[in-house]
């Protein structure tokens, strides 16, 4: 049986293209019984602003065309913009949506489902750099698999938010996980994960530099351009590709299966996910 894959992506940077191309190439070169049937993006050609992110998104669409993968779009920017703006303004955070934002997400989700239902059916949908938090319709009707830039018990949010929290906590380690998406942000059942240290001799100078240069008044931009912040991101990003590829491999070969928002390995419920740290470290050299 061929594993049919849908692909949700914002397509906003080179990493989004690398994820797509890496999985596509691994499926073909290893003859895994899997196929990426389609891509869904929440931005359309013509959605401004016309900046670097726009250019990167157009490159993502070009790559999909080269790989002969159909792309369906439904712009979140143009959908009930006043309700979305109100919802964002009233929400304490993305993980704590106001009633207006929750309503917008569900209404937008209905449009997403209408859009993907016109495409070939799939077994799973991989969220690879998809920057929208989804609503109830997608959760109820799709088996969603997400890459999250943290350990299963680690911080929630975007990769930037995760790293800010890790540094504030003086965390000892960081990681990447592949998990199912549920109504609880970044806390769904885990398929696999890997970990790596962010303390120790190789990191001491970066932490010292952070302590010397960063103050409570430092801007977000200054913090995110600091070598410590960038190295944590680099170490995580380089592990995303091999971890995702191995998850797709296990799903394609039926070593792992997903049913009813649960993960199974060998027919048994997988409670905590598989720690692939050793295999991933060999892969990244």
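Numbering (full-length UniProt numbering), first residue to last: 1 to 285. Every residue gets a Cβ at the ideal spot worked out from N, C-alpha and C, and that includes glycine. Computed from a predicted model, the values in this text were never measured in an experiment.
For residue 5 and residue 144, what's the separation of their Cα atoms in angstroms? Numbered from 1 along the chain shown, position 5 holds the residue referred to as residue 5. Numbered from 1 along the chain shown, position 144 holds the residue referred to as residue 144. Their backbone Cα atoms lie some 10 angstroms apart in a straight line.
Return the Cβ separation of residue 155 and residue 165 in integer angstroms, given the expectation that the two are a contact with Cβ distance under 8 angstroms. Within the chain shown, residue 155 is the residue found at index 155, counting from 1. Within the chain shown, residue 165 is the residue found at index 165, counting from 1. That belief holds up - the Cβ atoms of residue 155 and residue 165 are roughly 4 angstroms apart, short of 8 angstroms.
Residue 267, DSSP secondary structure in three states: The residue labelled residue 267 in the question sits at position 267 within the chain shown. Here DSSP, grouped into helix, strand and coil, assigns residue 267 to coil.
Among all the DSSP beta bridges, which residues are the ones paired with residue 126? One-based indexing of the chain shown puts residue 126 at position 126. 7 and 145.
For a minimum of 3 consecutive residues, which ranges assigned as the beta strand (DSSP E) are wholly contained in the UniProt domain "Formyl transferase N-terminal" (68-198)? 71-73, 124-127, 144-148, 173-180 and 190-197
DSSP three-state assignment for residue 210, whether helix, strand or coil: Counted from its first residue, the chain shown places residue 210 at position 210. It is helical.
Tell me which residues share the same chain as residue 149 and place their Cβ nearer than 7 angstroms to its Cβ, disregarding the 5 neighbours each side in the sequence. What you label residue 149 is simply residue 149 of the chain shown in a count that begins at 1. Cβ neighbours of residue 149 beyond the five flanking positions: 159, 162, 176 and 236.
Okay, do the region 178-197 and the region 212-223 touch, 3+ Cβ pairs below 8 angstroms being the bar? no
Using the Cβ count rule (16 or more neighbours within 10 Å means buried), how would you classify residue 242? Numbered from its first residue, the chain shown carries residue 242 at position 242. Buried, by the Cβ-count rule.
Alpha carbon to alpha carbon, how far is residue 35 from residue 82? Give it in angstroms, no decimals. Along the chain shown, read from residue 1 onward, the residue named residue 82 stands at position 82. Along the chain shown, read from residue 1 onward, the residue named residue 35 stands at position 35. Straight-line measurement puts the Cα of residue 35 at about 38 angstroms from the Cα of residue 82.
Tell me the residue span of the beta strand (DSSP E) that contains residue 40. Taking the first residue of the chain shown as 1, we reach residue 40 at position 40. That run of the beta strand (DSSP E) goes 34-41.
Return helix, strand or coil for residue 12, following the three-state DSSP convention. To locate residue 12, count along the chain shown from 1; it is residue 12. Reduced to three states, the DSSP call for residue 12 is coil.
Should the region 88-95 be regarded as contacting the region 44-61, the criterion being three or more beta carbon pairs within less than 8 angstroms? no
What's the gap between the Cα of residue 109 and the Cα of residue 136? The count along the chain shown starts at 1 and reaches residue 109 at position 109. The count along the chain shown starts at 1 and reaches residue 136 at position 136. Straight across, the Cα-Cα distance linking residue 109 with residue 136 is about 7 angstroms.
Excluding five sequence neighbours on each side, which residues of the same chain lie with their C-beta closer than 6 angstroms to the C-beta of residue 73? Looking up residue 73 in the chain shown gives position 73. Cβ within range, chain order: 41 and 44.
Can you tell me whether DSSP reads residue 219 as helix, strand or coil? Position 219 of the chain shown holds residue 219. Coil.
Please report how far the alpha carbon of residue 130 lies from the alpha carbon of residue 21, in whole angstroms. By 1-based counting over the chain shown, the position of residue 130 is 130. By 1-based counting over the chain shown, the position of residue 21 is 21. Their Cα atoms are separated by approximately 16 angstroms.
One question on the structure: do residue 47 and residue 77 come within less than 8 angstroms of each other, judged by their Cβ atoms? Position 47 of the chain shown holds residue 47. Position 77 of the chain shown holds residue 77. Going by C-beta atoms, residue 47 is nearer than 8 angstroms to residue 77.
What's the C-alpha gap between residue 64 and residue 276? Against the chain shown, residue 64 aligns to sequence position 64. Against the chain shown, residue 276 aligns to sequence position 276. Near 29 angstroms, if we compare the C-alpha coordinates of residue 276 and residue 64.
Can you pull the DSSP bridge partners for residue 275? Walking along the chain shown from the start, residue 275 turns up at place 275. In the DSSP output, where bridge partners are listed per residue, residue 275 has 193.
Report yes if the CB atom of residue 157 is closer than 8 angstroms to the CB atom of residue 102, and no otherwise. The residue you call residue 157 lines up with position 157 of the chain shown. The residue you call residue 102 lines up with position 102 of the chain shown. For residue 157 and residue 102, no; Cβs fall outside 8 angstroms.
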